[in-house]
Amino acid sequence: SAHARKPLRGFWKLNPQTKEEALTFASGIASAITDSTPDFDVALFVPYVFIESTMSVVGGKLSVGAEVRASFPHSSGAYTGGISTSMIKSVGVDWVLAGHSERREIFGETDYYINAQPTSPGACATQLKKGLKGVRKEDLDRVAIAYEPVWAIGTGKVATPEIAQSLHAKCRDILAGMYGQETANMIRILYGGSVTPDNIDDLMAMPDIDGALVSGASLDINKFGINWVKS
Ligand code: PEP
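Counting with our numbering, you get residues 1 to 231 for the letters of the sequence shown.
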């Protein structure tokens, strides 16, 4: 990959249940990240209610992101329960996770919501064109794409590195058609779906797999962040 630092993204889904637990996880993960893990650029996406306290315990060792993007294209108004991008940004959050298959299937989010404000999108492979619509070339360094086979999510069935690689290469081809090959080579494409310390090295060895998006293993401080990189 053109990026020396591999993006590693953890997110918690509807876990954990209390702030105390969240902070225990977060500080455990942060303390496991040392100077000998320089290849990974780590971010943890957490439920809204834990964002600020998580930021305060990780002490800049990793980025904290919002687990769900802003739910509306509107920045203010009569949208009870909505969270806007400006709200998220104002507490110091740089990343949002957008377009997860669970948001689409369970919460009914469409591409319209996912790419409501094109300065902070994310996208799955099959939604690349819609997800990145209106996103300028110069903003792509603030975007990471996650390719996740739905059958691999939370199932313990990881894609083989070869299959994942071929899909990542396809995604990059689509991106090359949209932005040109040189730009496409710079875009970070993360693999997601049952990533663990046991399988991450083989995945990362593939030329078009630039990083990982991880949920289950990010709830285990003995797994996430610690054992990913052999230094
Ligand atoms: C996911 O939900 O997108 C995911 C990758 O989950 P897990 O790591 O638990 O398979």
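Glycine included, each C-beta is placed from N, C-alpha and C at the ideal position.
{"query": "Any non-hydrogen atom of the ligand PEP closer than 7 Å to G99 Cβ", "result": "no"}
{"query": "Neighbourhood of W249 by C-beta, 7 Å cutoff - its chain only, sequence neighbours within 5 removed", "result": "For residue 249 there is no data in the structure shown, the boundaries of the chain being 1 and 231."}
{"query": "Best match in G60, G59, H100 for proximity to R69 [C-alpha to C-alpha]", "result": "H100"}
{"query": "Three-state secondary structure (DSSP) of I209", "result": "coil"}
{"query": "8 Å Cβ cutoff met for G60 and A43", "result": "no"}
{"query": "Among E105, G134, S215, nearest to G154 - alpha-carbon criterion", "result": "S215"}
{"query": "Contact under 8 Å by Cβ, D202 with P161", "result": "yes"}
{"query": "Residues bridged to Y147 [DSSP beta-bridge criterion]", "result": "Y191"}
{"query": "Delimiting residues of the alpha helix (DSSP H) encompassing F25", "result": "19 to 32"}
{"query": "Pairwise C-alpha distance: L213 and F11", "result": "8 Å"}
{"query": "Whole-angstrom distance between Y112 and G77, CA atom to CA atom", "result": "18 Å"}
{"query": "G131 Cβ short of 7 Å to the ligand PEP heavy atom set", "result": "no"}
{"query": "A217 CB to nearest heavy atom of the ligand PEP below 7 Å", "result": "yes"}
{"query": "Whether V57 touches S27 by CB criterion (8 Å)", "result": "yes"}
{"query": "Cβ-heavy atom distance, G225 to the ligand PEP, below 7 Å", "result": "no"}
{"query": "Nearest neighbour of L8, chosen from P207, V195, D208, M206 [CA to CA]", "result": "V195"}
{"query": "Spatially closest choice to V91 from A22, I51, I106, by CA coordinates", "result": "I51"}
{"query": "Check: L213 C-beta below 7 Å from any heavy atom of the ligand PEP", "result": "yes"}
{"query": "Expected contact under 8 Å - CB spacing of G193 and A159 to nearest Å", "result": "6 Å"}
{"query": "Bridge partners - D35, DSSP secondary structure assignment", "result": "Partner(s): none; D35 has no beta bridge."}
{"query": "Rounded C-alpha distance that separates M206 from G180", "result": "21 Å"}
{"query": "Collapsed DSSP secondary structure at K137 in the structure displayed", "result": "helix"}
{"query": "Same chain, Cβ closer than 7 Å to I33, five either side skipped, listed in chain order", "result": "V42, K61, L62, G225"}
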